[in-house]
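Take a look at the structure below.
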Amino acid sequence: VDARPSTFEEFYRRTWPVVFRSAYLIAGDREAANDLAQEAFARAFERWKSVSTIERPEAWMQRVVANLALSWRRRQRLARDRTPSIGNEGRSSSEEAVPLIVAALRAVPPSQRAVVVLRFYVDLSIEETARALGKRPSTVRSLSAQGIARLREQLGSEEVRDG
Amino acid sequence: MADHADFEHWLRLLADAIEPDPPPNVRRVIRRGRTRIVIRLTTVALAVMLVAGGLGWGAFALAGLHHGEPVQTGLGGGTIIFSAYPPSLTPAPTPVPDYVPPSNLYAWVPDTGRIVRLTNGHDTADIGPVVSPDGRRVAFERLQYPGYLVHVIDVGGSDDHPVTTCNLSECARDPSWFPESDRLVIWRTGSIWAVNADRGGAKMLLHFGPGGIGHVALSPDGKLIAFHRNISSSDVVVMSSDGTHQRLLTSCPVSESLCADLGGIDEFRWSPDSTTLLLQAGRNLWRIGADGRDRQRLTSCPPAATPGTCQAENASFSPDGKWIVYDNARQSITFMQSDGSDSRTVVVAPTCPSPARTSPVCWVSDPVWSPDGAFIAFVVTDRVSTRIEVVDRGGHEVAMSPPVTGAGGLTWQELRPGD
């Protein structure tokens, strides 16, 4: 349940972990996630008067950070296409150990990845996810199914059933 | 469906197991948010101006800059005057050795948010503003290639005139005001002068011959002149303001403990009561009595510290002389009691996150006290812009200027525009 934040500072401290994780899950890069989460909060501050009054400000934040992360990935892909020798997409050279879920999500195409994260981690409905990503609900359903299938492949379906 | 729910549950467990980075200081995020607000408002204003057909000088109105308007007293009990690039010089020019980009003087009253442009040169660099003790005029250095001149203006920006003329490369530098606000001490190549702040009238106080002087400052009571003599060694000398009674305070061949780790004096400031000099010598700050006694090192940067990690600089006394503020290698702002005790770091430089690794370094620099000693203003540069920020003694931000690219040389004083 989202409690209405009394101040931006309180909202920031309470919401940072989940916003950071969403950014990390979609972007697949810890350093980028930190920056993207900061940018999302800067945008929240920019519109704080209205953001603080909406019913689920955390959900709004998640939509913002998801879109930022998707844009970041697009830019990364473009940069990679222009300089193919760099390669190693989505990976930070400074990163030692990547969490299992992040490693698995890296193998899922960006649009499917965003849908999976928003639907099953951020807990948005099909309609909310569609609005957040600018897609039709039917497309979200389709991407969601494809993303889950791909993720199961990566993680191992037996483990999922046992989970 | 159960399988689906299991998967959702399992995915959430895995995601929740991710250890997030600790949240950065909320002020950094707020600063970023404010930058977005300014950019949005600026974009809207620009669109309005374009529609109205207002370009050129109208661009200054965009940032709230209006030449010649009176300056009001505000938060902290005064106005911040500083040097910055003109709005037309955006983005900031790439640094080139021996090239000083054009700059003008501006005045900012922190709690009104308004910035007033004081000088108008298009191809000159106006730097180092110093407000007269009566708060009515500002002296500054104007670099108009090939040389520096000292100019004086009213605090409203009018009556811009030079107090010296010459054709050499260092015609006049380092102006400091006599208490009566009618004359200035300056130095020019090889000599120290007292000049009239109005047009005409100068008296040479000391002559060395070519070279030899690095920095000159008149004490606030107008009785002593300290100067950096750099002929055979790096020395700080004090003399009476009529040019007599020279006294060597420090000398810096390496045998001198004050400069054994560094190689010379970089700059110095007088305490408000004119009894003490605050020296920046190499990496550290020192204080020394005007009589040469009570020498004390105030900071403790090791001589072999990695460059850019420990370097006390841009120091100044609080108006009551009890506190000193400085920046450490542009990475933090620290203040302490004037004997070096009770040191408190109140601001650290913003970090430039990963996408901006190749952008210019982010820093904080040039701290100055407010006239009432309650606040500290400094220049902050992040990956988006350069601004002037005001914090209280607890480091809490209380005001932030609009973007002021190339800002530096801050001075914060009570102004009294002419009648």
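Line by line, the protein sequences are chains A and B.
Residues in the first sequence are numbered consecutively from 584, following our numbering.
Residues in the second sequence are numbered consecutively from 5, following our numbering.
All C-beta atoms, glycine included, are put in the ideal place defined by N, C-alpha and C.
Query: Is there contact between the segment 628-648 of chain A and the segment 31-48 of chain B, where contact requires at least three CB pairs shorter than 8 Å?; Result: yes
Query: Whole angstroms are fine: how far does the CA of residue 399 (chain B) sit from the CA of residue 284 (chain B)?; Result: 24 Å
Query: For the alpha helix (DSSP H) holding residue 632 (chain A), just list the boundary residues, first then last.; Result: 631-634
Query: Could you tell me which residues DSSP pairs with residue 254 (chain B) in its beta bridges?; Result: B:240
Query: How about residue 137 (chain B) and residue 183 (chain B): are their beta carbons less than 7 Å apart?; Result: yes
Query: Can you round the beta-carbon distance between residue 390 (chain B) and residue 407 (chain B) to whole angstroms, since I take them to be within the 8 Å contact cut?; Result: 6 Å
Query: First and last residue of the beta strand (DSSP E) that includes residue 179 (chain B)?; Result: 177-181
Query: What would DSSP say about residue 234 (chain B), mapped onto helix, strand or coil?; Result: strand
Query: Looking only at its own chain, which residues have a Cβ that is under 7 Å from the Cβ of residue 665 (chain A), when we skip the five neighbours before and after it?; Result: At residue 665 (chain A) the pLDDT is 47, less than 50, meaning the model places this residue with poor confidence and gives no usable figure here.
Query: Since residue 683 (chain A) meets chain B, which of its residues come closer than 9 Å, beta carbon to beta carbon?; Result: 18, 21
Query: Start and end of the beta strand (DSSP E) containing residue 206 (chain B)?; Result: 206-211
Query: Within 10 angstroms of the Cβ of residue 641 (chain A), are there 16 or more other Cβ atoms? Answer buried if so, exposed if not.; Result: buried
Query: Which term fits residue 711 (chain A), buried or exposed, when burial requires 16 or more other beta carbons within 10 angstroms of its beta carbon?; Result: buried
Query: Can you give me the C-alpha to C-alpha distance between residue 695 (chain A) and residue 13 (chain B), rounded to a whole angstrom?; Result: 18 Å
Query: Could you pull the start and end residues of the beta strand (DSSP E) that residue 293 (chain B) belongs to?; Result: 288-293
Query: Suppose the cutoff is 6 Å on Cβ atoms and the five residues either side in sequence are ignored; what does the same chain contact list for residue 353 (chain B) look like?; Result: 335, 366, 367, 368
Query: Please tell me whether residue 147 (chain B) and residue 175 (chain B) are closer than 7 Å, where the distance is taken between their beta carbons.; Result: no
Query: Taking C-beta to C-beta, are residue 162 (chain B) and residue 130 (chain B) nearer than 7 Å?; Result: no
Query: Name, please, each residue of chain B whose Cβ falls closer than 7 Å to the Cβ of residue 625 (chain A).; Result: 33, 36, 37, 40
Query: Just the chain B side, please: which residues come within less than 7 Å of residue 596 (chain A) by C-beta, in chain order?; Result: 27
Query: Per the DSSP calculation, residue 622 (chain A) is bridged to which residue(s)?; Result: BP columns for residue 622 (chain A) are empty, so no partner.
Query: Beta-carbon within less than 7 Å of residue 355 (chain B)'s beta-carbon, same chain only, minus the 5 sequence neighbours each way: which residues are those?; Result: 366
Query: Under a three-way DSSP split, which group does residue 187 (chain B) fall into?; Result: strand
Query: Is the beta carbon of residue 412 (chain B) less than 7 Å from the beta carbon of residue 370 (chain B)?; Result: yes
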